[in-house]
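Numbering (the numbering used here), first residue to last: 25 to 153.
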């Protein structure tokens, strides 16, 4: 099994999402408040996981531009949950560093000055454990 296939399976396992359910309607992306800041939109993110193109995702700025507001999750008519896939991909990046968490001094280097504060609150809430 290739590295990307293993990572795609891990993302699906962590998120509990089946990306093959996506019908590519784009409603998740239309709802996303960070849409204009993303190079890979939420509906595209789902396709990348389904196609096992994980390296492109982990290099994407969209991974850190997502607000984790889950507007996409609420809007999806097929219950695909793109926001959960994005969160799972973030965990993959952190685990590749050999850890299960980010240290406080690592956070500023990941931040964009234009980054919405809601993202920080969501990230701390989600990863504080």
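Glycine included, C-beta positions come from ideal geometry on N, C-alpha and C.
In the DSSP annotation of this structure, the continuous segment of the alpha helix (DSSP H) that includes residue 70 starts and ends at 66-74.
Nearest neighbour of residue 78 by Cα position, chosen from 110, 90, 101, 92, turns out to be 110. Secondary structure at residue 93: coil, using DSSP grouped into helix, strand and coil. Counting along the chain, the unbroken alpha helix (DSSP H) around residue 107 starts and ends at 106-120. Just measuring C-alpha positions, the residue of 47, 49, 114 sitting nearest residue 85 is 114. The Cβ-Cβ distance between residue 112 and residue 91 does not fall below 8 angstroms.
About 25 angstroms separates the CB atoms of residue 36 and residue 61; that is not less than 8 angstroms, and the two are not in contact.
Rounded to whole angstroms, the separation of the alpha carbons of residue 138 and residue 76 is 30 angstroms.
Judged by beta-carbon spacing, residue 116 lies within the 8 angstroms limit of residue 82, meaning their Cβ atoms are closer than that value.
Taking C-alpha positions only, residue 105 is separated from residue 26 by approximately 25 angstroms.
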